[in-house]
Amino acid sequence: MALKEDFDKAAEDAKTQVPPKAANADKLALYGLFKQATTGDVDTGKPGIFDQKGRAKWEAWEKQKGKDKETAMKEYIALVEELTAKYATEVATAI
1 MALKEDFDKA
11 AEDAKTQVPP
21 KAANADKLAL
31 YGLFKQATTG
41 DVDTGKPGIF
51 DQKGRAKWEA
61 WEKQKGKDKE
71 TAMKEYIALV
81 EELTAKYATE
91 VATAI
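Each residue of the sequence shown is one higher than the last, beginning at 1 in full-length UniProt numbering.
Below is the structure:
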C-alpha cells in the first residue's frame with residue numbers, strides 16, 4: 001500500500017511543484033506514466049490530425065504500453081522528484 005500512497009503524493013506534488021510553463025516533453029512524460037499507472041494500456045483510438053494536443057497526449061501514453069502499473073507508478077514518482085528538483089528555482093521565484 002505504500003507505493004500507492006507515494007504515487008498519490010507524487011501526483012499532488014506534480015500539481016504544485018512542476019510549473020505550468022514546464023517543457024512540454026516533461027509534462028507529456030508525466031501524463032503518459034500517470035495514465036499507464038492509473039488506467040493501464042491505451043484504451044482509446046488515436047485522436048485525429050487536427051487535435052494536436054490530444055494526439056501528443058495519446059502518443060505519450062502509447063509509449064508506456066505494456067508497462068505494468070507498479071512499474072509505471074515507480075517511474076512516475078521518480079520523474080516527479082526529478083522535475084521537482086529541475087524546476088525548484090522557477091517555483092520558488094513564482095511564489
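Backbone N, C-alpha and C fix where the C-beta goes; we use that ideal spot for every residue, glycine too.
Cβ-Cβ distance between residue i and residue j below 8 Å
i   : j   : result
A56 : Q64 : no
V42 : E12 : no
K15 : Q36 : no
L60 : G32 : Strictly speaking, residue 60 in this sequence is Ala, with Leu absent from that position. Yes, the pair counts as a contact, with Cβ atoms nearer than the cut-off.
Of the listed residues the options, nearest to residue i (C-alpha basis)
i   : options               : result
K86 : D51, K21 and K74      : K21
W58 : L30, A10, T16 and P19 : L30
T89 : D6, E5, V18 and E12   : V18
G45 : A10, G54 and A37      : G54
Q52 : L28, V80, Q36 and G40 : L28
Nearest-angstrom beta carbon gap, residue j and residue i [assumed within contact, 8 Å]
i   : j   : result
E70 : L3  : 7 Å
D6  : I77 : 5 Å
V80 : A10 : 4 Å
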